[in-house]
Amino acid sequence: AQRVTQPEKLLSVFKGAPVELKCNYSYSGSPELFWYVQYSRQRLQLLLRHISRESIKGFTADLNKGETSFHLKKPFAQEEDSAMYYCALRAREYGNKLVFGAGTILRVKS
Amino acid sequence: DAGVIQSPRHEVTEMGQEVTLRCKPISGHDYLFWYRQTMMRGLELLIYFNNNVPIDDSGMPEDRFSAKMPNASFSTLKIQPSEPRDSAVYFCASSFGTGSGPLEQFFGPGTRLTVL
Numbered sequence: 005a006q007r008v009t010q011p012e013k014l015l016s017v018f019k020g021a022p023v024e025l026k027c028n029y030s031y032s033g034s035p036e037l038f039w040y041v042q043y044s045r046q047r048l049q050l051l052l053r054h055i056s057r058e059s060i061k062g063f064t065a066d067l068n069k070g071e072t073s074f075h076l077k078k079p080f081a082q083e084e085d086s087a088m089y090y091c092a093l094r095a096r097e098y099g100n101k102l103v104f105g106a107g108t109i110l111r112v113k114s
Numbered sequence: 016d017a018g019v020i021q022s023p024r025h026e027v028t029e030m031g032q033e034v035t036l037r038c039k040p041i042s043g044h045d046y047l048f049w050y051r052q053t054m055m056r057g058l059e060l061l062i063y064f065n066n067n068v069p070i071d072d073s074g075m076p077e078d079r080f081s082a083k084m085p086n087a088s089f090s091t092l093k094i095q096p097s098e099p100r101d102s103a104v105y106f107c108a109s110s111f112g113t114g115s116g117p118l119e120q121f122f123g124p125g126t127r128l129t130v131l
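Chains as they are written, first to last, in the numbering used here: chain A, 5 to 114; chain B, 16 to 131.
Set out below in structure tokens:
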């Protein structure tokens, strides 16, 4: 069963438009959720984690336990946001290892 | 620290050949992970080690894949024999850990494998 679902393989938006990268998960307990990002020719790196409740590069993500979602949002997309984004879950039941979604490519057009 | 180091960065080989991918984790990290990235399946965990011991290899696709970690600063992922469907980017990552498990993972640059 897919534990982390990112329904969009590709999301294309114009510069300045709002962005929402969707992530849904399957877990009945209290998982930790993360967003990882891979910019062109760079390493995969942690963008943000839900327990930090922080905004990184203008991105935020709120854990919605009722909808089992952890969507990544940014009000105004910038060209440098173009990258591959992975949602990931960590839970004790899964040995505390990261379980990644399939990823979403974000393309921000000028 | 140069971060996680992987070699080679690119590998092109023919079907049936043996392929060995190498990884040097960040010094002091006690967890090491091997992932495979494809367009169809995204990022999949193949195997991970804690203190050089394999903990979970349930993601290893089949017996053609094997991984070793002979010491804290080196790991290999071997595919023998390789097949075209093994073509992917293979990432290594490492992290510190606590009693609850691994903390933030730091990824290497990946090895792009093409099997013809």
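Cβ atoms here follow ideal geometry from the backbone N, Cα and C, with glycine treated the same way.
Of all alpha-carbon atoms in B:23, B:129, B:38, B:125, the one lying nearest the alpha-carbon of residue 58 of chain B is that of B:125.
The straight-line gap separating the alpha-carbon atoms of residue 28 of chain B and residue 83 of chain A is approximately 36 Å. Interface criterion not met: the Cβ of residue 26 of chain B is under 9 Å from no Cβ in chain A. Sequence-ordered contacts of the segment 46–61 of chain B with chain A read 56, 57, 58, 60 [C-beta pairs closer than 7 Å].
Among the residues facing chain A, residue 117 of chain B is included, as its CB has a counterpart in that chain under 9 Å away.
According to the DSSP assignment, residue 54 of chain B belongs to no beta strand (DSSP E), since it is labelled neither H nor E. At a cut-off of 9 Å between beta-carbon atoms, residue 99 of chain A makes contact with chain B. In this structure, residue 81 of chain A and residue 19 of chain A form a Cβ contact; the two beta carbons are roughly 6 Å apart against a cut-off of 8 Å. The beta-carbon of residue 90 of chain A is placed less than 9 Å from the nearest beta-carbon of chain B. In summary, the residues of the segment 57–88 of chain B whose CB is separated from some CB of chain A by less than 9 Å are 57, 58, 59, 60, 63, 70, 71, in the order they occur in the chain.
Scanning chain B for C-beta atoms nearer than 9 Å to the C-beta of residue 65 of chain A yields nothing, as the closest lies near 16 Å away. Beta-bridge analysis with DSSP links residue 65 of chain A to A:76.
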